[in-house]
Amino acid sequence: MSPSFGRGAMTNSIPDVANADVIMVCGGNPAENHPGVARFINMAREKGGIVISVDPRYTRTSVLSDIYAPIRPGTDIVFFNALVNYILTNKKYFEPYVKNYTNASYLLKPEFGFKDGYFSGWDDAKKKYDYASWQYQTGPDGAPLTDPTLQNPDCVFQRMIKFYARYTPALVEKVTGMKQDLFLKIAAAYSATGVPDKSGTLLYAMGLTQHTKGVQNIRAFAIVQLLLGNMGLPGGGVNAMRGEANVQGSTDAGLLFGNLPGYLAAPSAAAHPNLKTYLEKITVKNSFAENSPKFAVSLLKAWWGDKAQPENDFCFDYLPKFSRPHSFMDIFDDMYAGKIQGLLLWGMNPLVSGPNFEKTAQGLEKLDWMMGIDLFESETHRFWKRPGANPKDIKTEVFLLPAASMVEKDGSATNTSRWLQMRYRSVDPIGDCKEDGAVMYMLVQELKKLYAADANAVYPGPILDLTWGYGGEHYNADEVFKEMNGWDVKTKQQLPGFATLKADGSTTSGSWIYCGMYPPAGNLAKRRKPDKQGIGLNLEWGWAWPMNRRILYNRASCDLDGKPFSDKKYLVHWDAAGKKWTGIDVPDFIGTRAPSDPLGAAPFIMVPYGLGRLFAPGGMTSDGPFPEHYEPMESPVKNAMGSVQNNPLAVTYKSDRDKWAKTGGDEFPYICTTYRVAEHYQTGNITRKLLTTTEAMPETFLEIDPELAKAKGIKNGEYVEVSSARGKIKVKAFVTPRLQPMVIDGKKCHVVGIPWNYGFFGEDPAGLANTVTSANMLTPQAGDPNVRIPEYKAFMVNVRRA
Amino acid sequence: MARLAYLFDSSKCVGCHGCQIACKQWNQEKATRTTFNGSYQNPPALSPDTRTIMRFYENFEQDTIPQLNILKVQCYHCGEPACVKACPSGALSKTDKGITAVDPSKCIACGYCHSACPFTVPAIGKHVNKCDMCLSRTEHGDDKQKTSTPACVKTCPAGALEFGDRDALVAKAHKRVEWLKSRGHKDANLYGEKVLGGLGVMSVLKYPPASYGLPPNPTMPLELFVWKDLFNPMGLLMLVGAVGAAAGHYLLALRQSRDDHHHHGGDESKGKEEMKG
Amino acid sequence: MGTVSRRTFLKLMAAGAGAATVWNGNLAVPAIAAPRPYRLKDTKVSPSVCIYCGVGCGLLVYAKDGKVINVEGDPDNPNNQGGLCGKGSSAYEVYASPRRLKKVLYRAANSDKWEEKEWSWAIPEIAKRIKKTRDASFKLKEGAVAVNRTEALVQLGGASHDTDENYLLAKFARALGIVGLEHQARI
């Protein structure tokens with residue numbers, strides 16, 4: 001999403017789903033994984049909305065749909081690109097939006113092109129792209145050259161018509177298995193939102209991201225939304241439904257190797273040798289990101305306080321710099337190679353959630369020590385007792401700390417709609433349980449003591465100088481929020497918003513996107529005034545980043561002059577008399593920037609020149625400026641698009657446990673996908689310990705279509721063995737007509753599916769401890785080149801009666 | 001006092017098991033050990049520990065879309081409750097709001113209610129257990145916190161359950177049926193408006209009742225009518241217990257033989273074993 | 001079919017015996033069968049947020065005598081309007097489950113069991129290991145560039161914690177020089 005619009009977060013909100021005229025659910029299953037969304041889907045339908053469910057399985061979400069279409073796992077780009085082609089050829093796009101708010105008119109370098117599965121610049125020896133040709137033609141001021149008529153053969157729009165022409169309805173049927181007439185029905189229904197008074201939304205989750213082309217999947221649909229003018233409207237947007245209560249908050253906080261809080265880049269050795277180059281690199285001219293140095297310096301001031309001064313580059317060297325990727329899969333590949341000695345594990349169960357279970361487990365055996373903190377003992381904590389392991393041979397020391405639960409501490413969670421909502425301590429923690437904030441405080445104090453006492457300690461500065469208070473062992477979350485928001489160093493006054501941050505060290509802000517949530521008036525996340533009459537924006541319920549804006553890019557709901565395209569989809573407008581933007585939402589724009597300003601009609605403020613990117617230039621999506629279909633790493637068929645079978649930049653690993661099924665091979669002939677069930681949460685470490693949820697969904701299963709079951713002599717409820725090139729498990733079969741065989745390129749293909757919520761340590765430790773039923777025994781370590789998310793959703797298996 | 005009812009809209013339900021678990025949680029009933037049995041449905045049936053469950057029916061016909069038909073099952077709070085009629089001990093009664101209430105202290109666990117019920121709902125453990133429309137909430141709770149709303153209705157994340165004045169819900173349900181028909185579900189129907197004196201739990205269905213394992217025309221068992229409405233007023237009141245039991249036994253046996261011919265779904269028979277426990 | 005086990009027969013006999021005395025009980029219908037105790041009387045209510053998916057459903061937590069006795073949906077919260085799914089409805093059990101960890105546990109190298117420990121022992125032991133691993137693997141320079149990092153110590157997790165804690169986790173890890181820092185968004 002970020003390459004398309006400038007930010008990666010969900011654009012609209014959960015209640016806003018009720019405002020949609022057409023809801024496309026593809027790569028997500030909200031009824032089971034985000035059941036709260038079902039209320040708003042139902043509300044949208046009652047108001048006349050249409051729901052389209054595209055999924056390999058007929059799911060509990062499909063029950064709410066008006067149109068259901070099955071699709072082969074790993075072929076979403078073909079479906080989305082064909083939708084783009086349909087919109088372009090049938091002129092269903094919203095023309096003023098495409099012309100003015102996207103880069104459709106930008107002229108591309110003539111040498112940019114696409115041939116035989118590769119974009120221009122491919123170096124087959126290095127297996128890399130040279131991105132020089134993926135650029136706009138620019139004028140003397142560096143601004144892109146444009147053709148507002150969209151006629152120039154080098155403009156993005158014309159290049160798209162050419163590129164997308166290959167994605168026909170016939171190709172959809174051939175590659176995805178979706179029947180042409182069904183595709184055309186969906187295309188007609190969804191493209192009907194390309195008018196001012198209608199909006200369509202995409203609800204997706206890991207079904208689009210967990211592929212070796214996950215980012216391009218999202219890009220593909222983001223392009224649909226830009227063409228139809230569905231961004232910045234109520235009931236529109238590209239809505240990534242986040243799977244964990246606070247995965248938005250933890251992403252915002254920069255708990256990823258490449259990010260600092262607020263999506264500032266984490267420094268790398270190659271790109272950012274010092275503060276000066278770092279600040280230069282994060283400054284993006286002609287976009288709001290030209291303010292990034294203010295955010296970065298304020299962060300350093302928040303972390304190292306008075307020690308951070310201009311003379312020492314505000315302690316920039318205290319930040320570690322990476323030289324290679326350290327994503328989840330990289331970490332476990334390193335661990336398996338014995339390169340990691342210590343693991344700090346905070347409320348996560350990677351043995352069950354990571355791909356290639358056995359590789360993960362053997363990696364954990366190579367650690368010297370592990371610290372875990374959790375509500376429940378997980379499979380990862382007891383990996384040394386897993387079925388088949390001999391504890392006597394495993395050296396890893398394990399510390400397991402008991403955590404306070406959500407009713408035993410104050411704090412907050414940032415939901416998928418970027419809303420910050422408060423939790424309050426109802427009772428004291430049970431037993432010896434402690435709040436994580438208190439545990440971190442104790443660790444930091446102890447480390448400061450150790451480093452202060454050791455004259456030979458290595459580089460102790462970042463630890464000794466680190467600011468850390470927050471009420472000490474009586475952890476006070478409010479103190480943390482104050483720091484995240486930031487204050488004026490001189491006056492100690494809380495700041496009202498990130499517009500007041502400075503790069504000279506006079507302000508602090510631990511996470512600039514949260515600046516504004518704790519102004520002098522207090523913690524705005526505590527607000528509890530629901531919006532009962534309006535369209536569900538809820539401006540006074542909690543607080544949303546950035547600056548309480550509820551629908552991102554809402555400037556795009558207005559025409560060039562700042563007048564709403566449609567009163568039915570009203571959010572904001574330009575108040576000419578008052579010389580400011582105003583409306584029922586907080587404008588996601590510079591509040592006083594007039595429509596007549598050079599950037600006054602550029603709604604995507606985080607992008608240079610503020611236009612949505614139909615074309616992603618310069619390798620910001622490393623595997624292509626437009627999304628191209630490649631087959632999953634394991635596939636039953638050759639890529640119908642050409643000779644390049646897989647994403648040429650897909651991330652794979654080379655250990656002895658990284659094994660692959662042959663394309664179209666007989667050994668593993670069935671497509672397998674993984675998912676979750678409504679009754680269990682993620683790895684099930686909580687819900688498989690609870691009696692009520694376990695009663696409702698006691699065991700894992702393999703969903704299999706009746707035709708395949710019959711051919712294999714498998715009866716509903718009987719045990720089957722599922723195997724992949726990585727491992728095998730024994731689970732019960734769930735023979736269900738909700739899966740149907742599909743014909744792919746003339747070949748009949750069967751899709752089977754298995755929930756990944758299960759492991760080996762559930763509600764009944766005695767009964768279930770003897771076998772591993774984790775779906776990740778089967779999955780490969782392969783990932784998207786941009787975000788390195790593993791390909792859990794499409795791989796090959798075999799099935800037989802057990 | 002107007003009659004209260006639930007309206008369950010199967011076309012809005014996503015089968016998340018929220019109602020089932022919220023019911024257990026509020027009524028403090030224990031979870032039982034279950035195994036995967038070839039369906040999303042678990043536990044397989046109502047039981048002394050389970051007052052409501054979701055049932056899942058899967059259908060597929062060539063050239064149609066698959067069907068996943070979800071039904072919430074609990075006591076239907078019939079307008080003419082066979083269970084109340086059959087209950088020899090006064091443990092079951094009808095409140096002035098139309099709720100079929102349970103007084104466990106009076107229950108002798110004879111199982112007549114279970115046998116008489118056209119839906120075989122009441123479960124007999126130490127005593128009868130079944131939905132009482134959360135009287136423990138509706139009598140006391142706070143409207144603002146919705147603790148006066150039955151647990152299952154309050155928790156439904158899809159908005160598929162409503163609770164309130166029955167007449168108003170009937171009117172609403174008819175609108176929903178019309179809406180479903182306008183969306184191409186020609187067989188959409190409201191189940192329970194008129195049968196058995198009008199059910200206190202009505203269901204909006206996309207497909208015919210049989211697709212949800214529901215008897216299209218449930219009736220009060222004839223033997224119950226004969227036993228209670230003809231014999232009883234004529235003085236059988238004075239019969240000694242043993243004779244009454246023999247007659248009751250006959251009723252039970254008859255009823256069970258009917259059950260055996262009446263299959264809701266594959267899991268039904270297993271559940272019945274548990275309920276007889 | 002129509003056969004009756006001995007147990008059922010005995011039950012029937014008991015039923016019959018009872019019938020003679022209470023037969024009329026259900027002819028005169030009481031307005032309310034019997035007064036029921038209200039579980040939420042005199043409880044303290046605190047709002048919270050569900051710990052499961054990203055929707056952010058509001059919870060109301062009911063506590064009495066220092067213990068949580070009930071959790072249900074927050075009707076004011078716009079995300080759920082009082083609703084909770086099957087997982088969310090189990091929120092009370094998350095608090096009350098007998099399977100909750102209540103003590104610090106330690107597994108020694110090559111041991112086949114957990115030992116219960118105190119915080120006062122565990123925190124210094126963990127801190128010692130962090131320092132040892134960090135210092136032994138710490139890289140000050142790569143060429144001319146100050147990289148100040150360890151690749152041998154990694155940190156995972158965060159999505160099940162509060163936003164404030166996430167921020168602290170980032171600050172904590174970076175201050176230690178950790179570059180292998182990941183959480184659930186990636187998987």
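Protein chains in written order, with the working numbering: chain D, 1 to 802; chain S, 1 to 277; chain W, 1 to 187. Cβ atoms here follow ideal geometry from the backbone N, Cα and C, with glycine treated the same way.
- Through-space distance from ASP96 of chain S to VAL22 of chain W, alpha-carbon basis: The predicted position of VAL22 of chain W is uncertain, since its pLDDT is 31 and thus under 50; a value taken from the coordinates is nonetheless stated next. Spanning the two alpha carbons is a distance of roughly 21 angstroms.
- Query: Are there 16 or more other CB atoms within 10 angstroms of the CB of CYS13 of chain S, so buried, or fewer, so exposed?
  - Reply: buried
- Message: Here's the rule I'm using: 16 or more other beta-carbon atoms within 10 Å means buried, otherwise exposed. How should ASP124 of chain D be labelled?
- Response: The Cβ neighbour count for ASP124 of chain D, taken over all protein chains shown within 10 Å, is under 16; the residue is labelled exposed.
- Query: Which first and last residues belong to the beta strand (DSSP E) in which GLN248 of chain D is found?
  - Reply: Per DSSP, GLN248 of chain D belongs to no beta strand (DSSP E); it is in the alpha helix (DSSP H), 247-252.
- Message: Taking only three categories from DSSP, how would you classify ARG174 of chain W?
- Response: helix
- Message: If you follow the alpha helix (DSSP H) that ASP478 of chain D is in, where does it begin and where does it stop?
- Response: 477-485
- Task: Look at LEU690 of chain D and PRO785 of chain D and say whether their C-beta atoms are less than 9 angstroms apart.
- Result: No, the Cβ-Cβ distance between LEU690 of chain D and PRO785 of chain D is not below 9 angstroms.
- Is any beta-carbon of chain W found at less than 9 angstroms from that of ILE282 of chain D? no
- Task: Could you tell me the boundaries of the alpha helix (DSSP H) in which ASP432 of chain D lies?
- Result: Unbroken run through ASP432 of chain D: none, as it is neither H nor E.
- Task: Answer yes or no: does any C-beta atom of chain S fall closer than 9 angstroms to that of GLY36 of chain D?
- Result: When Cβ-Cβ separations below 9 angstroms define contact, GLY36 of chain D makes contact with chain S.
- Rounded to a whole number of angstroms, what is the C-alpha to C-alpha distance between PRO216 of chain S and VAL204 of chain S? 13 angstroms
- Item | Neighbouring residues, chain S, relative to THR736 of chain D (Cβ below 7 angstroms) | GLU58
- Looking at the unbroken beta strand (DSSP E) that takes in ILE70 of chain S, where does it start and where does it end? 67-73 is the extent of the beta strand (DSSP E) around ILE70 of chain S.
- Could you tell me which of D:GLY347, D:GLY461 and D:ALA187 sits nearest to ALA245 of chain D, measuring between CA atoms? D:GLY347
- Give me whichever residues DSSP pairs with ARG386 of chain D in a beta bridge. The partner list for ARG386 of chain D (beta bridge, DSSP) is empty, contrary to what the question assumes.
- From which residue to which residue does the beta strand (DSSP E) around PRO803 of chain D run? Nothing about residue 803 of chain D can be reported from this structure: the residues present for chain D run from 1 to 802 only.
- Segments assigned beta strand (DSSP E), at least 3 residues, entirely inside the region 531-605 of chain D: 572-575 and 580-583
- Item | C-beta contact flag for LEU255 of chain D and GLY54 of chain W at 9 angstroms | Taking C-beta atoms as the reference points, LEU255 of chain D and GLY54 of chain W fail to come closer than 9 angstroms.
- Name, going along the chain, the residues of the region 83-104 of chain W whose beta-carbon falls closer than 9 angstroms to a beta-carbon of chain S. GLY83, LEU84, CYS85, GLY86, LYS87, GLY88, SER89, SER90, ALA91, TYR92 and GLU93
- Could you check what DSSP says for GLY122 of chain D in three-state terms: helix, strand or coil? The amino acid occupying residue 122 of chain D in the given sequence is Trp; Gly does not appear at that position. Here TRP122 of chain D sits in strand by DSSP.
- Going straight from the alpha carbon of GLU379 of chain D to that of LYS359 of chain D, what length do you get? 14 angstroms
- Query: Which residue or residues does DSSP assign as beta-bridge partners of TRP419 of chain D?
  - Reply: Answer is D:ALA544.
- Is VAL743 of chain D buried or exposed, if buried means 16 or more other CB atoms sit within 10 Å of its CB? With fewer than 16 other beta carbons inside 10 angstroms of its own, VAL743 of chain D counts as exposed.
- Using beta-carbon positions only, say whether LEU345 of chain D and VAL104 of chain W come within less than 9 angstroms of one another. no
- SER105 of chain S - containing alpha helix (DSSP H), residue span: Per DSSP, SER105 of chain S belongs to no alpha helix (DSSP H) and is neither H nor E.
- Closest by CA to ASP559 of chain D, which one among D:MET371, D:TYR101 and D:PHE357? D:TYR101
- Message: What does the Cβ neighbour count give for HIS474 of chain D, buried or exposed, with the cut at 16 atoms within 10 Å?
- Response: exposed
- Message: Let's test the definition: count the other Cβ atoms within 10 Å of the Cβ of ASP410 of chain D and tell me whether it reaches 16, buried, or not, exposed.
- Response: buried
- For TRP121 of chain W, is the classification buried or exposed, using 16 other Cβ atoms within 10 angstroms of its Cβ as the cut-off for buried? It is exposed - the Cβ of TRP121 of chain W has fewer than 16 other Cβ atoms within 10 Å.
- Task: Run down chain S in chain order and give the residues with a C-beta less than 9 angstroms from the C-beta of VAL679 of chain D.
- Result: In the sequence under discussion, the amino acid at residue 679 of chain D is Glu, which differs from the Val named in the question. Within chain S, the residues near GLU679 of chain D are CYS16, HIS17, ILE21, TYR40 and ASN42.
- Query: Taking just the CA atoms, how far does TYR86 of chain D sit from LEU702 of chain D?
  - Reply: The alpha-carbon of LEU702 of chain D is positioned some 36 angstroms away from that of TYR86 of chain D.
- Message: What would DSSP say about GLY767 of chain D, mapped onto helix, strand or coil?
- Response: Reliability of the predicted coordinates at GLY767 of chain D is poor, the pLDDT of 48 falling under 50, and the value obtained from them is presented with this limitation in mind. Three-state DSSP puts GLY767 of chain D in a helix.
- Item | Contact check, MET335 of chain D vs GLY363 of chain D, beta carbons under 9 angstroms | Annotated as proximal: MET335 of chain D and GLY363 of chain D, with beta-carbon spacing under 9 angstroms.
- Query: Should PRO520 of chain D be labelled buried (16 or more other beta-carbon atoms within 10 Å of its own) or exposed?
  - Reply: exposed
- Query: From the beta carbon of LYS67 of chain W, is the nearest beta carbon of chain D less than 9 angstroms away?
  - Reply: yes
- Message: So that I know if they touch, is there some Cβ in chain D lying closer than 9 angstroms to that of MET234 of chain S?
- Response: Caution is warranted here: a pLDDT of 49 is assigned to MET234 of chain S, below 50, making its placement in the model unreliable, and no coordinate value can be reported.
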